[in-house]
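Enquirer: First the structure, which I've put down as structure tokens, then a few questions once you've had a look.
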Amino acid sequence: MQIVNNISEIQEWCREKKLEGKKIGLVPTMGYLHEGHLSLVREARRDCDIVVVSIFVNPAQFGAGEDYEVYPRNMERDCALLEREMVDLVFAPEVKEMYPAGYQTYVEVFGQISNKMCGASRPGHFRGVCTVVSKLFNICQPDIAYFGQKDAQQVMVLEKMVRELNFPLKIVRVPIVREEDGLAMSSRNVYLDQQQRQEALVLYKALKSAEENITQGERDTRKIKDSIEKMIKGCPQADVDYIEISDAADLADIDEIRGQVLIALAVRFGNTRLIDNLIVEV
Ligand code: PAF
Numbered sequence: 001m002q003i004v005n006n007i008s009e010i011q012e013w014c015r016e017k018k019l020e021g022k023k024i025g026l027v028p029t030m031g032y033l034h035e036g037h038l039s040l041v042r043e044a045r046r047d048c049d050i051v052v053v054s055i056f057v058n059p060a061q062f063g064a065g066e067d068y069e070v071y072p073r074n075m076e077r078d079c080a081l082l083e084r085e086m087v088d089l090v091f092a093p094e095v096k097e098m099y100p101a102g103y104q105t106y107v108e109v110f111g112q113i114s115n116k117m118c119g120a121s122r123p124g125h126f127r128g129v130c131t132v133v134s135k136l137f138n139i140c141q142p143d144i145a146y147f148g149q150k151d152a153q154q155v156m157v158l159e160k161m162v163r164e165l166n167f168p169l170k171i172v173r174v175p176i177v178r179e180e181d182g183l184a185m186s187s188r189n190v191y192l193d194q195q196q197r198q199e200a201l202v203l204y205k206a207l208k209s210a211e212e213n214i215t216q217g218e219r220d221t222r223k224i225k226d227s228i229e230k231m232i233k234g235c236p237q238a239d240v241d242y243i244e245i246s247d248a249a250d251l252a253d254i255d256e257i258r259g260q261v262l263i264a265l266a267v268r269f270g271n272t273r274l275i276d277n278l279i280v281e282v
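Just so we're aligned, residue 1 is where the sequence shown starts under my numbering, counting upward by one.
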């Protein structure tokens with residue numbers, strides 16, 4: 001497995017692989033890998049001749065006062081895990097390689113798909129995500145790029161960006177990987193203390209209970225949101241950022257459950273903000 005820090009080197013390497021007719025799969029990550037990331041890698045390994053994983057904690061997607069500085073990093077462990085998954089190349093650039101002095105070009109998807117939920121709580125977040133992912137697409141020229149469904153809004157924003165900017169690639173969504181007790185895997189779970197870790201189980205429980213209410217016939221999104229909120233507020237350390245039920249195709253607000261809907265939430269436990277979601281179809 002090669003580890004490359006330099007853009008021109010990986011660009012050249014990917015260009016050669018394309019000329020050889022190889023199919024390139026790209027898994028963009030911010031590192032501190034867990035089973036969720038590895039499920040993306042395994043899917044890429046199944047579909048593609050060449051698997052490239054990027055590890056880059058992207059400052060452009062963190063707001064002032066967020067956890068950029070303390071975001072967990074462990075390059076050595078990440079590379080050992082990726083080697084075991086038969087990854088061909090790890091691209092791990094420095095910040096100044098991706099954003100040299102005087103950098104001023106950004107990519108932004110406008111509209112409700114990026115303005116609500118995480119877009120509202122983290123202004124500029126998706127602009128940072130779209131910018132870095134566009135750069136990674138241009139650098140690696142992947143045929144397929146893999147993203148986790150845990151960041152449901154992120155993958156929808158990126159799908160729209162790919163469609164509207166005509167990137168010649170396919171995005172594959174990979175299902176959420178959960179701990180045995182239901183907590184969605186996230187690099188940020190390491191921030192949780194014991195009590196917060198226990199309380200965080202309410203996220204999936206509340207989502208499953210909403211699904212159950214819908215299965216039993218409830219269609220009023222207000223009532224479903226209220227019952228999710230009530231469950232979460234039963235946890236002393238939980239502070240709800242948002243609970244949203246939207247059309248799963250375009251994130252439009254809905255009053256009534258119909259077709260495929262995305263139930264998504266973000267909740268803080270102390271300084272740690274966790275997100276989770278579930279798609280329900282009626
Ligand atoms: O989901 C992530 O880890 C990041 O947002 C991504 C897609 C790697 C862009 O920095």
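Note that beta-carbon positions come from the ideal geometry of N, C-alpha and C, so glycine has one too.
#1: Does the distance from the CB of Leu192 to the CB of Thr105 come in under 8 Å?
#2: Check each residue's C-beta against every heavy atom of the ligand PAF and list, in chain order, those closer than 6 Å.
#3: Report the rounded CA-to-CA distance for Glu12 versus Phe56, giving the unit in angstroms.
#4: With distance defined between alpha-carbon atoms, name the residue in Arg173, Leu38, Gln195 nearest to Lys150.
#5: Among the candidates Gly148, Gln194, Glu256, Glu16, whose CA atom is the shortest distance from the CA of Ile275?
#6: Going residue by residue through the region 166-253, where are the continuous beta strand (DSSP E) segments of at least 3 residues, counting only ones entirely within it?
#7: Kindly list the residues whose CB is nearer than 6 Å to the CB of His34, restricted to its own chain and excluding five residues on each side of it in sequence; keep chain order.
#8: Go ahead and pull the three-state DSSP assignment for Gln141.
#9: With DSSP as the reference, label Pro28 as helix, strand or coil.
#10: As a quick exercise: from Ala248, Glu76, Met30, Leu201, pick the residue whose alpha carbon is nearest that of Arg268.
#11: Kindly list the residues whose CB is nearer than 8 Å to the CB of Glu218, restricted to its own chain and excluding five residues on each side of it in sequence; keep chain order.
#12: So the candidates are Ala252, Leu207, Ala248, Ser227; which of them puts its Cα closest to the Cα of Leu265?
#13: According to DSSP, Ser54 sits in a beta bridge with which residue or residues?
#14: Going along the chain, which residues of its own chain have a beta-carbon closer than 8 Å to the beta-carbon of Pro236, five neighbours each way excluded?
#15: Do you know how far the Cα of Glu229 is from the Cα of Phe91?
#16: Determine, using beta carbons only, whether Leu40 and Tyr146 come nearer to each other than 8 Å.
#17: Which two residues bound the contiguous alpha helix (DSSP H) that contains Asn115?
#18: Would you give the residue range spanned by the beta strand (DSSP E) that Asp276 belongs to?
#19: Between Arg46 and Glu85, which are expected to be in contact by the criterion C-beta below 8 Å, what is the C-beta distance as a whole number of angstroms?
#20: Spatial neighbours of Gln2 within its chain, please: CB distance less than 8 Å, with the 5 preceding and 5 following residues excluded, ordered by chain position.
#21: What is the rounded straight-line gap between the Cα of Glu9 and the Cα of Pro93?
#22: If Gly111 and Gln61 are in contact, beta carbons under 8 Å, what's the gap, nearest whole angstrom?
Expert: So, from the listed chains and residues:
#1: Not in contact: Leu192 and Thr105 (Cβ atoms no closer than 8 Å).
#2: Pro28, Thr29, Met30, Asn58, Gln61, Val129, Val132, Val133, Asp151, Gln154
#3: 19 Å
#4: When only C-alpha atoms are compared, the closest one is Arg173.
#5: Gly148
#6: For the region 166-253, the full-length beta strand (DSSP E) segments reaching 3 residues or more read 170-174, 238-247 along the chain.
#7: Cβ contact annotation for His34 (same chain, cutoff 6 Å, sequence separation greater than five): Met185, in chain order.
#8: coil
#9: strand
#10: Leu201
#11: Ile224, Ile257
#12: Leu207
#13: Pro28, Phe91
#14: Glu199
#15: Roughly 41 Å between the two C-alpha positions.
#16: yes
#17: 112-115
#18: 272-281 is the extent of the beta strand (DSSP E) around Asp276.
#19: Rounded, the Cβ-Cβ distance is 11 Å, inconsistent with contact.
#20: Trp13, Asp88, Leu89, Val90
#21: 11 Å
#22: With 8 Å as the limit, Gly111 and Gln61 do not qualify as a contact, their Cβ atoms being about 18 Å apart.
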